[in-house]
Amino acid sequence: MRQLLAAVADGRTPVEEALQALRRLPYEDLGFALLDTHRSLRAGFPEVIFCAGKTEEQVAAIAARLAEHSPRLLGTRATPAQYEAARRLVPDLRYHETARALWLDREPERPRQPGVVIAAAGTADLPVAEEAALTLDLMGHAAERVYDVGVAGLHRLRPHLATLQAAHVLVVVAGMEGALPSVIGGLVAAPVIAVPTSVGYGASFGGLAALLAMLNSCAPGVAVVNIDNGFGAGVLAARINALAHRQP
Numbered sequence: 001m002r003q004l005l006a007a008v009a010d011g012r013t014p015v016e017e018a019l020q021a022l023r024r025l026p027y028e029d030l031g032f033a034l035l036d037t038h039r040s041l042r043a044g045f046p047e048v049i050f051c052a053g054k055t056e057e058q059v060a061a062i063a064a065r066l067a068e069h070s071p072r073l074l075g076t077r078a079t080p081a082q083y084e085a086a087r088r089l090v091p092d093l094r095y096h097e098t099a100r101a102l103w104l105d106r107e108p109e110r111p112r113q114p115g116v117v118i119a120a121a122g123t124a125d126l127p128v129a130e131e132a133a134l135t136l137d138l139m140g141h142a143a144e145r146v147y148d149v150g151v152a153g154l155h156r157l158r159p160h161l162a163t164l165q166a167a168h169v170l171v172v173v174a175g176m177e178g179a180l181p182s183v184i185g186g187l188v189a190a191p192v193i194a195v196p197t198s199v200g201y202g203a204s205f206g207g208l209a210a211l212l213a214m215l216n217s218c219a220p221g222v223a224v225v226n227i228d229n230g231f232g233a234g235v236l237a238a239r240i241n242a243l244a245h246r247q248p
């Protein structure tokens, strides 16, 4: 908006052209989707594509339009085929195989704020943990990773205690019985964002067991997001860490 107004003011952009641009600013109608092009102005980060359930052509069209509005782009739950379709329209688009996400960052050298730790119980939880880490990175935060420290081998957590206790906010990812957020929540003063995953055998009920365990945590300061929602945890952690860095 600022760039557009400046261009009109110094005569580089005609008024009629600016009016056309303004018509697209609140949202843009693609026929099958209404792109929220004001999202970054309101929430500090552009609209994110939830790729699951969308066709390759739809993901590609949305990604292409969003890439025209912002130097950063994120699409979660993306397949390699969706990524390849989108990359044909956005050549500098990237794919994170573990996080199952397509992404774009045209300002890779911008500073990242420290203060976030992501802890994952097991290697099978890494897709969700890495979705949170990628989200944080694109939002301007450097996450420190503490992986494979689940309760079946709790002694693996001890060497990382100082790192955990220095964090402004922690994202703790676990499947199975979902105990790790409660353990870490009892060791730190910072808020803990618990992320249940769908990892586990039959009675885990696709992550429901972990979700209920985390909701019933006896450790204070533990908040819970939905099953496998690494993106949601990453956004919440970014906002908490940003507030921590604003403190005098």
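In terms of the working numbering, the sequence shown is residues 1 to 248. Beta carbons: idealized from backbone N, C-alpha and C, even for Gly.
- No Cβ-Cβ contact shorter than 7 Å links Val169 with Leu157.
- Judged by DSSP secondary structure, Tyr83 falls within the alpha helix (DSSP H) whose first and last residues are 80-87.
- For the pair Gly221 and Arg77, the Cα-to-Cα distance works out to about 29 Å.
- Residue environment analysis places Phe32 among the exposed positions, since fewer than 16 neighbouring C-beta atoms fall within 10 angstroms of its C-beta.
- In this structure the stretch 217-233 touches the stretch 181-197; the number of beta carbon pairs closer than 8 Å is three or more.
- At the C-beta level, Arg112 and Ala142 come within 7 Å of one another.
- Restricting attention to Asp125, Ser40, Gln82, Gly140, the CA atom closest to the CA of Pro108 is found in Gly140.
- In this structure, the CA atom of Gln20 is about 15 Å from the CA atom of Arg12.
- For Val8, the uninterrupted alpha helix (DSSP H) segment begins and ends at 2-9.
- Per the C-alpha coordinates, the member of Tyr27, Asp29, Ala6, Val172 positioned closest to Ala18 is Ala6.
- Cβ-Cβ separation between Val171 and Val116: approximately 7 Å, consistent with a contact (criterion under 8 Å).
- With a cut-off of 8 Å on Cβ pairs, the stretch 77-96 is in contact with the stretch 58-66, counting three or more such pairs.
- Taken through DSSP and simplified to helix, strand or coil, Pro196 comes out as strand.
- Tyr27 has no beta-bridge partner at all, per DSSP.
- Residue range 169-174 is occupied by the beta strand (DSSP E) that includes Leu170.
- Collapsing the DSSP output to three states places Arg12 in coil.
- Judged by DSSP secondary structure, Glu57 falls within the alpha helix (DSSP H) whose first and last residues are 56-69.
- In the three-state DSSP reduction, Glu131 falls in the helix class (H, G or I).
- Contact between Ala67 and Leu104 holds, since their C-beta atoms are separated by about 6 Å, short of 8 Å.
- Where Ile240 is concerned, the enclosing alpha helix (DSSP H) starts and stops at 230-246.
- Between Gly200 and Gly175, the C-beta gap is smaller than 7 Å, which places the two residues in contact.
- Within the same chain, Ala219 come within 6 Å of Gly186 by CB-CB distance, once the 5 residues on both sides are set aside.
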